[in-house]
Amino acid sequence: MEPIVIFNQVTFCYPHTERPAIEEISFSINVGEFVALIGPTGAGKSTLCYCFNGVVPRLFNGSMAGMVTVAGLDSYQNDIPILAEHVGLVVQNARTQLFNVTVLQEVAFGCENLGLPRRVIQERIAEALDFVGLTGFEDREPATLSGGQQQRVAIACVLAMNPDVLILDEPTSELDPIGSEQVMEVIARLNKELNKTIFLVTHDMEFVATYATRVLVLNHGRLVEDNSPEIVFSQASLLKEARIRPPQVCEVMSDLREQGYRINQIPITLESTVRALQELRDGI
Amino acid sequence: MESNDVIQCARLSHTYPNGVQALLNIDLTIQRGEYVAFVGQNGSGKTTLVKHFNGLLKPTEGTVIVDGFETKPLKVSALSCRVGYVFQNPDDMLFCSSVAEEIAYGPKMLGQPPEKIQQVVEHVLAELGLEELCEMHPFALSLGDRQRVAVACALSLNPEIFVFDEPTTGQDYFGGESIMHLIDQLHAAGKTVIFITHDMPLVAEHARRVIVMNQGQIALDGPPQEVFQHSVLLRSLSLRSPQVTRLAQNLGLSKRTILSVKEMREWLENEYLPAPQAARGIVH
Chain W
1358 MEPIVIFNQV TFCYPHTERP AIEEISFSIN VGEFVALIGP TGAGKSTLCY
1408 CFNGVVPRLF NGSMAGMVTV AGLDSYQNDI PILAEHVGLV VQNARTQLFN
1458 VTVLQEVAFG CENLGLPRRV IQERIAEALD FVGLTGFEDR EPATLSGGQQ
1508 QRVAIACVLA MNPDVLILDE PTSELDPIGS EQVMEVIARL NKELNKTIFL
1558 VTHDMEFVAT YATRVLVLNH GRLVEDNSPE IVFSQASLLK EARIRPPQVC
1608 EVMSDLREQG YRINQIPITL ESTVRALQEL RDGI
Chain A
56 MESNDVIQCA RLSHTYPNGV QALLNIDLTI QRGEYVAFVG QNGSGKTTLV
106 KHFNGLLKPT EGTVIVDGFE TKPLKVSALS CRVGYVFQNP DDMLFCSSVA
156 EEIAYGPKML GQPPEKIQQV VEHVLAELGL EELCEMHPFA LSLGDRQRVA
206 VACALSLNPE IFVFDEPTTG QDYFGGESIM HLIDQLHAAG KTVIFITHDM
256 PLVAEHARRV IVMNQGQIAL DGPPQEVFQH SVLLRSLSLR SPQVTRLAQN
306 LGLSKRTILS VKEMREWLEN EYLPAPQAAR GIVH
């Protein structure tokens, strides 16, 4: 089957800058994958996110080379509203995305712009709010919700438009730890239960280790690694170069391996580390 | 008489004009030279509380005494040379057209003579390693550098107390560490340091005292070793101990709290695991 997303030698340069924000980016994503994009601040992660739905280069002027295809549509040839039916973007700060008086109007907004019939919109709103755990919040004013709830409203807005691919640009960076976990659980369920393709940008490596099946590493605008989280988090020099600190459990296990303990594969989650250490203690 | 209590809140309550009660009966004393982290879920009152420390907000009930002065009758400017406040988003406080002007702004507003101002600017630029950027426009700098300029502005008035609201949000790991290094240095120089964060490993590795806020009240207050022991309680307050702390708890360590990767590795090597040779088992 054709990949749902194809980046082919994509380079983008903002106006009045010499160095491209992203350079010669090539990768493809299959339907149902959960991909995490990691890298230092200024690496070009957000610019890359804006390429999926045509915001780069259509709204952000600049010079672009290469081609992005989403659901078979060339993002340069197709208007943003057409692309919006296939790819949804949730930005870092939900507040900048929410502007309606009630949650209901907010979630309806995208669907209305797609020109869907009233009955379908009502169904979609109910389903989307149920999915993110905010049924009953229809009449609330988005600004009065907690940060985590606002972020889940933003996800519901995108979900209601029923795209194949969801791009989430640091959706938890301003949330408290449990609010973050709840948002991540929703994203994981979108992937598992609805088979949505997920493209997540985050600085939280514990989340990457727990949820992603594939990790892209971006540094200085270039893709420097594309691999499983296990392999990415076992490469100390690559991580250091890209200013990424792996989950604490990876650091502990890498240190132990250097001390001579027999650890073949560095575990990346808390649960797998507990098991590995118990086995090491019991000499299994 | 010089007191060691630099901040004293007595039955402090704050109700916003819209009726939201953000703080409720807070009794709190912070001593000179303390290094305090405020944590808690979004909306728990952290920012409202620390804004009382420099007079940005005044109690609607109770009193706040900073460095011996009750804040209620004071203007914000009167406290600005005692308390340096660094906003979460540096762009909320930067507005001059060069880094040097930005740093000079505070002393200028307090009417200091030009020679003195020049001296202060040079000293602060050197202190933060910003000499090369002094003619740059703040908005041409990276987020990390803008964050350093914001710290420089607070330093220019040489206050005794520093308040940082989420100083590392939006930074990658190394960017965050370099800001925390600056903050550590202020603490080492005898300043009183107060910061707000959602990053629990940061709290565990830097702060000496952790205050957990919940619904406008103080839920826990103690050294990180003590606070992070309460895993279940923390979870109910929407917080999560660092991953290594949870790892140690999952391995059955209950008599003390592991706070860093280094402590974890030492405990594993010295107490939990057999020596590496033995752990290698009978592999050839």
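Chains as they are written, first to last, in this note's numbering: chain W, 1358 to 1641; chain A, 56 to 339. Ideal Cβ positions, reconstructed from N, Cα and C, are used throughout, including at glycine. No experiment lies behind these values; they were computed from the predicted model shown.
Using a CB distance cut-off of 9 angstroms, A:Gln-272 does not count as an interface residue toward chain W.
Proximity to W:Arg-1452 across W:Asp-1561, W:Thr-1501, W:Ala-1422 and W:Ser-1629 peaks at W:Thr-1501, based on C-alpha coordinates.
Listed in chain order, the non-local C-beta contacts of A:Val-138 below 7 angstroms within the same chain comprise Phe-108, Asn-109, Val-121, Pro-214, Ile-216 and Val-218, local neighbours out to five positions each way being set aside. The residues Arg-1509, Val-1510, Ile-1512, Ala-1513, Leu-1516 and Val-1543, in chain order, have a CB closer than 8 angstroms to that of W:Val-1489 in the same chain once the five nearest residues on each side in sequence are set aside. For the C-beta of A:Asp-220, not a single chain W residue is nearer than 8 angstroms; the gap to the nearest is close to 12 angstroms. In this chain, W:Asn-1387 is not harboured by any beta strand (DSSP E), its DSSP state being neither H nor E.
When DSSP states are grouped into helix, strand and coil, W:Asp-1533 belongs to the coil group.
For A:Val-299, at least one C-beta of chain W is nearer than 9 angstroms to its own C-beta.
Counting the other CB atoms within 10 Å of its CB gives A:Gln-143 a total of 16 or more, which places it among the buried residues.
Around the Cβ of W:Val-1609, a 10 Å sphere holds 16 or more other Cβ atoms; the residue is buried. At a cut-off of 9 angstroms between beta-carbon atoms, W:Ser-1503 makes contact with chain A. Closest in alpha carbon position to W:Val-1427, among W:Phe-1417, W:Gly-1419 and W:Cys-1406, is W:Cys-1406. Look at A:Leu-323: its C-beta is under 9 angstroms from a C-beta on chain W. Around A:Arg-263, the same chain offers Tyr-90 as residues with beta carbons nearer than 6 angstroms, after the five sequence neighbours per side are excluded. Residue state for W:Asp-1583 is assigned as strand, using DSSP reduced to three classes. Our two residues, W:Ser-1611 and W:Ile-1623, have alpha carbons roughly 7 angstroms apart in a direct line. For W:Ala-1422 and W:Leu-1523, the gap between their C-alpha atoms comes out near 24 angstroms. Excluding residues up to 5 positions away in sequence, Phe-93, Val-218, Asp-220, Ile-249 and Ile-251 lie with their Cβ nearer than 7 angstroms to the Cβ of A:Val-105 in the same chain. Within chain A, Val-299, Leu-302, Val-316, Met-319, Arg-320 and Leu-323 have C-beta atoms less than 8 angstroms from the C-beta of W:Val-1609, given in sequence order.
Just measuring C-alpha positions, the residue of W:Pro-1499, W:Thr-1492, W:Glu-1636 and W:Gly-1472 sitting nearest W:Val-1460 is W:Pro-1499.
Per the DSSP secondary-structure output, W:Arg-1619 pairs with nothing in a beta bridge. In this structure the stretch 1531-1545 of chain W does not lie against the stretch 1363-1371 of chain W, because fewer than three pairs of beta carbons, one per stretch, are closer than 8 angstroms. Separation of the CB atoms of A:Ile-81 and A:Gln-272 is rounded to 7 angstroms, and the pair is thereby assigned contact status at 8 angstroms.
A:Pro-193 is not a Cβ neighbour of A:Val-141, given a cutoff of 9 angstroms.
At the C-beta level, A:Val-282 and A:Val-299 stay beyond 9 angstroms of one another. Taking all protein chains in view, the Cβ of W:His-1560 is crowded by 16 or more other Cβ atoms within 10 Å, so the residue is classified as buried. In this structure, A:Leu-241 sits away from W:Val-1606, with a CB-CB distance that is not shorter than 9 angstroms. For the stretch 190-207 of chain A, residues whose beta-carbon sits nearer than 8 angstroms to a beta-carbon of chain W comprise Ser-197, Leu-198 and Gly-199. If one requires a minimum length of 4 residues, the alpha helix (DSSP H) runs lying completely within the stretch 143-219 of chain A are 154-164, 169-182 and 198-210, in chain order. For W:Arg-1376, not one C-beta of chain A is nearer than 9 angstroms to its own C-beta. DSSP lists W:Ile-1363 and W:Asp-1431 as the bridge partner or partners of W:Thr-1426. Chain order gives the chain A residues near W:Ile-1601 as Asp-227, Tyr-228 and Phe-229, where near means a beta carbon separation below 9 angstroms.
Taking 4 residues as the minimum length, the alpha helix (DSSP H) runs contained wholly in the stretch 241-303 of chain A are 255-261, 279-282 and 286-291, in order along the chain. Between W:His-1443 and W:Leu-1532, the alpha-carbon positions lie close to 27 angstroms from each other. For A:Thr-102, the enclosing alpha helix (DSSP H) stretches over residues 101-105.
Among the residues of chain A, none has a CB under 8 angstroms from the CB of W:His-1373; the nearest is roughly 11 angstroms distant.
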